[in-house]
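Residue numbers (our numbering): 23 to 395.
Yeah, the Cβ is synthetic: ideal placement off N, Cα and C, and Gly gets one too.
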Amino acid sequence: AIGVNLAEVGALSASGQQHGSVYWGSGSAEKLKQLNPELELAPQLGNCFSVKESPIWMDASTANYCAALEAAAGGAANLASETGSKAFRRFTASQIWKIMDRDPAAFAETERVSLISAFVVSVFLQNYAPEDSSDASGTNLIDLRSDPPQWSTKMLAIVSPKLREKLCAAPVDSFVLLGNIGEYFQRRYGFSSSCRLVAGAGDNPCSAAGMLMRENVDLCVSLGTSDTAFMLSSTATPRADVGSVYRNPLKRLSYMPMVVYTNGSLTRESARDYDGKARSWNEFEDLVNSVPKGNNGIVGFYLPRPEIAPETNGDVNRYFDEVRTYEEVRIDKEDPCADFCGSVLRQRDVYQSGKSVEESDLSLGSRCRAALE
């Protein structure tokens, strides 16, 4: 980085997009150890992967594998109790099962499966890094309440008897030191040989850590590419009907309940630019403020992408008095406010009642007004 003396960096870690998985091919561990500091990194890692396109959290193509996972676990409630979550399409267990089923040769060639956070740390460490327990909670493979953290023997056996040998021995606490930065980065970029590597974690757990959230006190709402709402809790009561429970990145045997919505900032940007005109977020705010509180009773639920909560396959793009499609209805300047109201209500509904928006006993118009007043 310009103006930064890398020799003074004392430690590194990684905040990685959750659920995404990287598939290291056979022999990749040795290639990591032998990186040549005279050469750029990308060409040396280019042939290290058995799966060329890593699945990420927006992949929703694993519904059949999720159903099989829940059936083998004795139902969604049993799976949630064991791992913290029912089988979600973005979670790593179903993604691994899909690759194993559709491309068995690639799975056989896989030497190690890493979550994105562990992948980044592995590169800096020049050795395979273990997953931290908070990020591993987004896989449907962890034993949620194990102490110290462990993979679920039951779930590994369900997905594949060969999966255990392709994962780290066990997830680690998020604050564990894993070793010093690799020689490649010392010689090529000038890092000190004493620079330490800390276990990586998922982006949402890192947000909880960075905001110094207090257990059983604080609630965080994050409006990013996906929308999330999460808190830290001393108890774990996973449910099959809503949300997930992850492990707390800051404390062992503490937990992080979270609800995730796929249709976040990209969907809001579409509503903001409803007539094809690119706008700033200040202009978005002006549009929201230009209509009466309650937006004339119109609430928008825009779900053009397969949604997590409530679960849809996409193309369910507006709720108010009735369900209408995104293409059929345009309401001009009310559009941004309708989406804003819908986002507020989705967050509120899950945390106050545990119900999806369709199940509420309040009319959409009255909930919109209540949320804005």
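Of 149, 287, 240 and 174, the smallest CA-CA separation from residue 158 is found for 174. Excluding five sequence positions before and after residue 76, the CB atoms of its chain that fall closer than 8 Å to its own CB belong to 42, 43, 44, 45 and 138, given in chain order. The Cβ atoms of residue 281 and residue 250 sit closer than 9 Å to each other. The secondary-structure analysis by DSSP pairs residue 146 with nothing; it has no beta-bridge partner.
Contact between the segment 217-237 and the segment 54-69 is absent, with fewer than three C-beta pairs closer than 8 Å.
Residue 248 has its alpha-carbon roughly 21 Å from the corresponding atom of residue 234.
Between the beta-carbon of residue 193 and that of residue 144 there is about 14 Å, and that puts the pair past the 8 Å contact cut. Looking at 265, 284, 112 and 285, the one whose alpha-carbon comes closest to that of residue 277 is 265.
The continuous beta strand (DSSP E) containing residue 283 extends over residues 277-283. DSSP places residue 79 in no beta strand (DSSP E); its state is neither H nor E.
In this structure, the straight-line span from the alpha carbon of residue 305 to that of residue 293 is close to 12 Å. The DSSP assignment places no complete run of the beta strand (DSSP E) inside the segment 78-131 (cut-off: 3 residues). Out of 78, 64, 83 and 65, the CA that lies nearest to the CA of residue 40 is found in 78.
Non-local C-beta neighbours of residue 274 in its own chain, meaning closer than 7 Å and more than five positions away in sequence, comprise 169 and 195, ordered along the chain.
Residue nearest to residue 232 within the set 199, 210, 271 and 200 is 271 (criterion: CA-CA distance). Residue 166 has its alpha-carbon roughly 14 Å from the corresponding atom of residue 109. Residue pairing of residue 242 in beta bridges, as defined by DSSP: 252. In the structure shown, residue 304 falls within a helical segment according to DSSP collapsed to helix, strand and coil.
For residue 217 against residue 26, the beta-carbon gap comes to about 13 Å, at or over 8 Å, which does not count as contact. Exposure of residue 126 is indicated by the presence of fewer than 16 other C-beta atoms within 10 angstroms of its C-beta. Distance from the CA of residue 335 to the CA of residue 198, rounded to the nearest whole angstrom, comes to 39 Å. Each of 229, 255, 180 and 256 was checked against the Cα of residue 243, and the nearest Cα belongs to 229.
Under a 10 Å Cβ-count criterion, residue 239 is classified as exposed, with fewer than 16 other Cβ atoms of the shown protein chains found around its own Cβ. In the three-state reduction of the DSSP assignment, residue 52 falls in the helix class. Ranked by Cα distance from residue 48, the first of 73, 211 and 28 is 73.
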